[in-house]
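*Asks:*
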Ligand code: UDP
Ligand code: MG
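Printed below as a string of structure tokens:
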């Protein structure tokens, strides 16, 4: 099979028929063998009934329904799990992403050798203040923190070589950082394609203000995990050493001060009067806690089942 289109959807009943028909048209025109995997993320409207109808009309449509709303990442994860196409394309269900981009994305994976191609909504039709401006700032930050030069990291329209989606695990709300997960799994050939974007025709956006808190927190997690998940002591240990060193330096300074004072005949001045005492005390305690965190991290990663889960690309035997 050439292409699996994975579509997470939550309360998108009005968009689905148009979307399925449009994808079918593009696939037939380009003679692709394909499947459309519609993952209903616990919709409360009639989305699932619509999926069932679409399936009777077109056997390439496959549906998965969650009992409750788990989020876009969970929907993508389950879609990826069953996808069989050589190229897997994700898109939003709200008709904001255009199925006309499918052939171009497919070629970039098949012929140009990309592992992952992310859409770039260069001309974006979303609310300017709540989406477009924050998105620019967010993408700038993510570009510099992760070193992945994408203008639109969280674009719903993306294409993947099959291996990529089978070797990453999208969880929590990590759908925002799939290219980071892919790079971390060893897929470095990440490209970008300017894609058409439209206004939301039906329904409402599913991501509100909470994303301004969750997105950045997940970025911190992604950065930390990608670097230190297999060696937590290297993170906590360095912090611990810095803190203990500061504490030690402050203690030595206290000692020198005391000796100087005694030589000048000042007796009975308490070291607790010196700010260095408190610096020494707190930084040594914090340093010890960092070390403890490091040891606990090592214990946890030692018993993690995927601790020796490597991506082996080739073998000679
Ligand atoms: N979505 C989902 N589960 C959720 C939230 C969203 O499957 O909990 C789907 C939604 O139906 C749509 C896609 O994720 O197909 C993108 O959501 P939306 O269009 O609301 O995001 P926006 O384009 O406003 O950023
Ligand atoms: Mg949308």
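Residue numbers (the working numbering): 9 to 325. Note that beta-carbon positions come from the ideal geometry of N, C-alpha and C, so glycine has one too.
Would you report the Cα separation of residue 164 and residue 127, rounded to the nearest angstrom?
*Replies:* As a working mapping, residue 164 is identified with position 156 in the chain shown. As a working mapping, residue 127 is identified with position 119 in the chain shown. Answer to the nearest angstrom: the Cα atoms are 8 angstroms apart.
*Asks:* Collect the residues with a C-beta less than 5 angstroms away from any heavy atom of the ligand MG and give them in sequence order along the chain.
*Replies:* For the ligand MG, the selected residues are 100, 102 and 104.
*Asks:* Near residue 40, what residues of its chain come up, given a Cβ to Cβ distance below 6 angstroms and the 5 sequence neighbours on each side ignored?
*Replies:* If you number the chain shown from 1, residue 40 lands on position 32. Once the five neighbours on either side are set aside, the close Cβ partners of residue 40 are 10 and 11.
*Asks:* With a 10 Å radius around its C-beta and 16 neighbouring C-beta atoms as the bar for buried, classify residue 153 as buried or exposed.
*Replies:* In the chain shown, the residue the question calls residue 153 occupies position 145. The residue is exposed, with fewer than 16 neighbouring Cβ atoms inside 10 Å.
*Asks:* Leaving out the 5 sequence neighbours to the left and right, which residues in its chain are closer than 7 angstroms to residue 269 when beta-carbon positions are compared?
*Replies:* Reading the chain shown from its first residue, position 261 is the one you call residue 269. Within the same chain, residue 269 has close Cβ partners 277.
*Asks:* In chain order, what residues of the same chain have a beta carbon less than 6 angstroms from the beta carbon of residue 175, not counting five sequence neighbours either side?
*Replies:* Residue numbering aside, residue 175 sits at position 167 when the chain shown is read from its first letter. Once the five neighbours on either side are set aside, the close Cβ partners of residue 175 are 193 and 319.
*Asks:* Going by DSSP in three states, residue 324 sits in which element: helix, strand or coil?
*Replies:* Against the chain shown, residue 324 aligns to sequence position 316. In this structure, residue 324 counts as coil in the three-state DSSP scheme.
*Asks:* Could you pull the DSSP bridge partners for residue 306 from this structure?
*Replies:* Here residue 306 is taken as the residue at index 298 of the chain shown, counted from 1. Bridge partners of residue 306: none, in fact.
*Asks:* Give a single yes or no on whether residue 150 has its beta carbon closer than 8 angstroms to a heavy atom of the ligand GDP.
*Replies:* Here the bound small molecules are the ligand UDP and the ligand MG; the ligand GDP is not part of this structure.
*Asks:* Any chance the CB of residue 17 is under 8 angstroms from a heavy atom of the ligand UDP?
*Replies:* Within the chain shown, numbered from 1, the residue matching residue 17 stands at position 9. Under cutoff, so the answer is yes.
*Asks:* I'd like to know whether the C-beta atoms of residue 166 and residue 124 end up nearer to each other than 9 angstroms.
*Replies:* Position 158 of the chain shown holds residue 166. Position 116 of the chain shown holds residue 124. Yes. Within cutoff.
*Asks:* Please state whether DSSP places residue 120 in a helix, a strand or coil.
*Replies:* Counted from its first residue, the chain shown places residue 120 at position 112. Note: residue 120 maps to coil in three-state DSSP.
*Asks:* Does DSSP classify residue 167 as helix, strand or coil?
*Replies:* As a first step, residue 167 is located in the chain shown; it is residue number 159 there, counting from the start. Strand at residue 167.
*Asks:* Quick check for students: name the residue ranges of the alpha helix (DSSP H) that lie wholly in the region 236–287, counting only runs of 4 or more.
*Replies:* Complete alpha helix (DSSP H) runs here, min 4: 240–271.
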